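Have a look at the structure below, then the notes.
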Amino acid sequence: MTQQALPAAFMRGGTSKALMVQRSHLPDNPDEWPSLFMQAMGTPDPYGRQLDGMGGGVSSLSKVCIVSPSEHPEADVDYTFAQVMVKEAHVDYRGNCGNMSSAVGPFAVDQGLVEAAGDETTVRILNTNTNKIIHSTFQTRDGRALYGGDLAIPGVSGTGSPIRLDFVDPGGATTQKLLPTGQVTDQLDVPGVGTLEVSMVDAANAAVFVRAADIGLTGLELPDELESQPDVMQMLNDIRIHASVEMGIAPDLETARSITIVPFVAIVRDPIDNPTLSGGTVPIDEIDLIARVISNGQPHRALPLTVSLCTAVAARIQGTVVSQVLSSAAPDDHLRLGMPSGILTVGADVTQRDGEWVAYSGSFYRTARLLFDGQVWVPGPNAGQA
10 MTQQALPAAF MRGGTSKALM VQRSHLPDNP DEWPSLFMQA MGTPDPYGRQ
60 LDGMGGGVSS LSKVCIVSPS EHPEADVDYT FAQVMVKEAH VDYRGNCGNM
110 SSAVGPFAVD QGLVEAAGDE TTVRILNTNT NKIIHSTFQT RDGRALYGGD
160 LAIPGVSGTG SPIRLDFVDP GGATTQKLLP TGQVTDQLDV PGVGTLEVSM
210 VDAANAAVFV RAADIGLTGL ELPDELESQP DVMQMLNDIR IHASVEMGIA
260 PDLETARSIT IVPFVAIVRD PIDNPTLSGG TVPIDEIDLI ARVISNGQPH
310 RALPLTVSLC TAVAARIQGT VVSQVLSSAA PDDHLRLGMP SGILTVGADV
360 TQRDGEWVAY SGSFYRTARL LFDGQVWVPG PNAGQA
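Remember, the numbering used here sits 9 above the position in the sequence shown when you count from 1.
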């Protein structure tokens with residue numbers, strides 16, 4: 010079997026890792042990309058480990074980011090996110106990854122797609138999955154991104170240089186509507202589960218929010234505990250599929266099953282001492298609400314940033330199930346979300362205008378690191394040329 014080389018970098022962005030490639034190094038026909046990405050990441054793998062590729066066996070480690078110069082007047086680069094499934098031969102482009110968004114700006118500078126602007130550079134990013142603009146601001150030195158720093162984020166050991174991400178006008182990223190059904194809460198009928206009060210909100214990525222107590226959970230379950238209960242995972246997937254149709258993401262249940270990224274399922278509850286994967290506990294007075302998130306059939310170890318932003322937006326919309334569990338002592342300018350890896354702090358600017366809720370922006374800080382820069386070797390003739 011012959012192999013061909015594809016110029017690429019491998020980067021950590023927040024609590025995810027992805028293969029980073031320039032659009033110009035890929036085949037002209039995007040229909041050829043899924044096969045290429047699956048080969049590079051080691052998908053499909055019935056063993057769930059992706060040992061024959063760059064993937065790490067979980068959804069947060071099986072991603073590809075495609076970056077190119079932008080023709081959009083308000084952007085410097087275009088960024089397309091590809092979620093590569095682990096066990097199934099499928100690549101999903103229907104949503105964005107907020108964590109990997111933090112790596113796009115530094116990658117663009119290091120690759121010479123954007124010129125560094127002194128000690129601090131802002132790269133304007135158009136995410137093509139959602140058609141939304143993201144401003145990424147980070148430190149640079151000698152024309153390259155600076156990765157070393159003293160910011161620690163939950164779920165990642167060590168520290169790094171802070172990267173501020175500002176999502177501009179994040180509402181309607183998936184469905185073109187902040188509230189896809191027009192309601193702050195809906196009654197979602199799920200066969201075998203019953204009728205649930207949920208909130209379906211679309212900011213940065215679409216999500217369906219459900220109270221933990223309404224589905225027989227405490228909201229404190231850690232990922233391994235959730236994954237060890239197939240009936241619970243099936244119930245959460247059924248909620249996702251039915252919410253997808255109600256939100257207009259998919260026209261029917263069958264199509265909804267094939268759209269694996271959105272909507273995310275977020276299980277929320279009021280603040281309480283929050284157990285973490287490290288074996289510690291975050292005390293109640295450091296938490297404004299607690300969330301557990303499911304996407305691509307897996308519980309997240311750390312909250313996806315886009316869903317964290319969506320959660321913060323939902324919390325500011327009066328009447329949603331998220332606002333109902335929000336601590337009465339939560340500050341106005343940011344929220345502290347309790348999750349399996351600790352605390353994630355996110356801000357959202359939301360207001361009601363002419364009777365409709367509007368999300369102006371959402372922001373948070375991440376770190377990123379370049380892990381390698383060179384070539385990834387891919388089997389088959391469609392790998393492109395080095």
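Heads up, the beta-carbon is just placed ideally off N, CA and C, and yes, glycines get one too. Please read these numbers as outputs of a predicted model, since none were measured by experiment.
Query: Euclidean distance between Cα positions of Asn138 and Thr329; Result: 26 Å
Query: Local Cβ density within 10 Å of Tyr88, reported as buried at 16 or more and exposed below that; Result: buried
Query: Which listed residue (Ile293, Val359, Val316 and Leu262) has its alpha carbon closest to that of Ala338; Result: Ile293
Query: DSSP-derived helix/strand/coil call for Asp358; Result: strand
Query: Assigned secondary structure, Ser337 (DSSP; H/G/I helix, E/B strand, else coil); Result: coil
Query: Buried or exposed (CB count within 10 angstroms, at least 16 for buried), Gln394; Result: Bear in mind that the predicted position of Gln394 carries a pLDDT of just 43, short of 50, making it unreliable; the figure below should be weighed with that in mind. Label assigned to Gln394: exposed.
Query: Check whether Cys74 and Ala27 have beta carbons under 8 Å apart; Result: yes
Query: For Cys319, three-class secondary structure by DSSP; Result: helix
Query: Three-state secondary structure assigned by DSSP to Asn108; Result: helix
Query: DSSP-derived helix/strand/coil call for Gly364; Result: coil
Query: Nearest residue (CA-CA) to Leu286, options Val165, Gly257 and Val30; Result: Val165
Query: Gln92 to Gly371 span [Cα, whole Å]; Result: 23 Å
Query: Segment limits, beta strand (DSSP E) that includes Glu263; Result: Segment Leu262 to Ser267 is the alpha helix (DSSP H) holding Glu263; no beta strand (DSSP E) there.
Query: Arg58, DSSP secondary structure in three states; Result: coil
Query: Boundaries (first-last residue) of the alpha helix (DSSP H) holding Pro239; Result: Pro239 to Glu255
Query: Candidates Asp240, Tyr56, Pro163 and Arg173: closest to Ser111 by CA position; Result: Arg173
Query: Check whether Ala252 and Leu318 have beta carbons under 8 Å apart; Result: no
Query: Opposing strand residues paired with Thr137 [DSSP bridges]; Result: According to DSSP, Thr137 bridges with nothing at all.
Query: Cβ-heavy atom distance, Thr24 to the ligand SAM, below 7 Å; Result: Absence of the ligand SAM is noted for the structure shown, with no ligands found whatsoever.
Query: In DSSP terms, what Trp386 is bridged to; Result: Ala14
Query: Which of helix, strand or coil DSSP assigns to Ala392; Result: The pLDDT assigned to Ala392 is 44, lower than 50, so where the model puts this residue is not dependable, and the model offers no usable value.
Query: Terminal residues of the beta strand (DSSP E) in which Gln196 lies; Result: Asp195 to Val199
Query: Cβ neighbours of Val199 in the same chain (closer than 7 Å, five flanking residues each side left out); Result: Leu205, Asp247, Ile248 and His251
Query: Nearest to Ala182 (by Cα), restricted to the options Val322, Asp341 and Gly356; Result: Val322
Query: Element boundaries [alpha helix (DSSP H), containing Ser25]; Result: Premise fails: Ser25 lies in the beta strand (DSSP E), Ser25 to Gln31, not in any alpha helix (DSSP H).
Query: Proximity to Val254 [Cα-Cα], best of Arg301, Gln361 and Ser267; Result: Ser267
Query: Contact under 8 Å by Cβ, Gly158 with Pro171; Result: yes
Query: Top-ranked residue by Cα proximity to Gly225, from Val193, Gly203, Asn214 and Asn305; Result: Gly203
Query: Nearest-angstrom Cα separation, counted from Leu380 out to Asp40; Result: 28 Å
Query: Close Cβ partners of Gln12 (< 6 Å) along its chain, the five nearest in sequence each way excluded; Result: Trp386 and Pro388
Query: 8 Å contact criterion, which Gln104 and Arg375 should meet: CB distance rounded; Result: A quick correction: the sequence has Gly, not Gln, at residue 104. About 17 Å; that fails the 8 Å criterion.
Query: Rounded separation between Phe218 and Asp61 - CA only; Result: 36 Å
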